[in-house]
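Trainee:
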């Protein structure tokens, strides 16, 4: 478009076009080309501004992605460390359970495992101040008297949740 405008301007300046009608047509074409070139330059400038804005936004979002990725990596590392700690603790507890389970009579251990499966992982509960800490309900006076009268090696069970009741020195009974 620029070359055409330069060529038309040279023809106009050289005097090669002598017809008034052709001169007028050539001048209109040069004016039209100049206007068109101005419009296209405005479009190019607008596109360049939008491109610059988009590049700034891309840079901003890239920075944000980096920050979020760093947080995610940190959270993953903390999760993995916590998982390793839990695995180590579970292994320790499993060993401790094996030691304790070895000292418990087989029939009591079988009952405990059955109750634990039925009760969502808790087969025994502490008896504290007339309350079963498994179901959080208080024992009635008859049950309390039965607990007091029972020998220390008797296996007692809660009438409400059927868990094994564990009597401790601070049971309050």
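Residue numbers (my numbering): -13 to 159. The beta carbon of each residue, even a glycine, is placed where N, CA and C say it ideally should be. Because the structure is a prediction, the values reported are computed rather than measured.
Short of 7 Å in beta carbon distance, which residues of its chain neighbour residue 154, apart from the five on each side in sequence? Order them along the chain.
Mentor: To locate residue 154, count along the chain shown from 1; it is residue 168. 112.
Trainee: Quick check on residue 149: buried or exposed, where buried means 16 or more other Cβ atoms within 10 Å of its Cβ?
Mentor: Indexing the chain shown from 1 puts residue 149 at position 163. Its Cβ being crowded by 16 or more others within 10 Å, residue 149 is buried.
Trainee: Considering residue 56, what are the terminal residues of the alpha helix (DSSP H) in which it resides?
Mentor: Here residue 56 refers to the residue found at position 70 of the chain shown. Note, residue 56: alpha helix (DSSP H), 6 to 89.
Trainee: Which residues share a DSSP beta bridge with residue 124?
Mentor: Reading the chain shown from its first residue, position 138 is the one you call residue 124. DSSP output for residue 124 lists 117 as bridge partner(s).
Trainee: Let me know the secondary structure DSSP gives residue 155 once reduced to three states.
Mentor: Within the chain shown, residue 155 is the residue found at index 169, counting from 1. Coil, per DSSP.
Trainee: Give me the residue from 127, 108 and 109 with the minimum Cα distance to residue 117.
Mentor: The count along the chain shown starts at 1 and reaches residue 117 at position 131. For residue 117, the nearest C-alpha among the options comes from 127.
Trainee: Decide if residue 40 is buried, meaning its Cβ has at least 16 other Cβ atoms within 10 Å, or exposed.
Mentor: As a working mapping, residue 40 is identified with position 54 in the chain shown. So residue 40 ends up on the exposed side.
Trainee: Would DSSP call residue 112 helix, strand or coil?
Mentor: As a working note, residue 112 is residue 126 in the chain shown. In this structure, residue 112 counts as strand in the three-state DSSP scheme.
Trainee: Would you call residue 101 buried or exposed, if buried means 16 or more other Cβ atoms sit within 10 Å of its Cβ?
Mentor: Along the chain shown, one-based indexing puts residue 101 at 115. With 16 or more other Cβ atoms within 10 Å, it is buried.
Trainee: Suppose you measure from the CA of residue 69 to the CA of residue 60; what does that come to, to the nearest Å?
Mentor: For the purposes of this step, residue 69 is taken as the residue at position 83 of the chain shown. For the purposes of this step, residue 60 is taken as the residue at position 74 of the chain shown. Distance between the alpha carbons of residue 69 and residue 60 is about 14 Å.
Trainee: Using DSSP's beta-bridge definition, name the partner residues of residue -7.
Mentor: Here residue -7 refers to the residue found at position 7 when the chain shown is read from its first residue. Answer is none; residue -7 lacks a bridge partner.
Trainee: Can you give me the C-alpha to C-alpha distance between residue 63 and residue 57, rounded to a whole angstrom?
Mentor: Stepping through the chain shown from its first residue, residue 63 is reached at position 77. Stepping through the chain shown from its first residue, residue 57 is reached at position 71. Cα to Cα, residue 63 sits roughly 10 Å from residue 57.
Trainee: Grouping DSSP H, G and I as helix and E and B as strand, with all else coil, what is residue 102?
Mentor: Numbered from its first residue, the chain shown carries residue 102 at position 116. Residue state, collapsed to three classes: helix.
Trainee: To the nearest angstrom, report how far apart residue 31 and residue 17 are at their CA atoms.
Mentor: Taking the first residue of the chain shown as 1, we reach residue 31 at position 45. Taking the first residue of the chain shown as 1, we reach residue 17 at position 31. If you take the alpha carbons of residue 31 and residue 17, they lie about 21 Å apart.
Trainee: Determine whether the beta carbon atoms of residue 97 and residue 87 lie at a separation below 8 Å.
Mentor: The count along the chain shown starts at 1 and reaches residue 97 at position 111. The count along the chain shown starts at 1 and reaches residue 87 at position 101. No; because the gap between Cβ atoms is not below 8 Å, this pair is not in contact.
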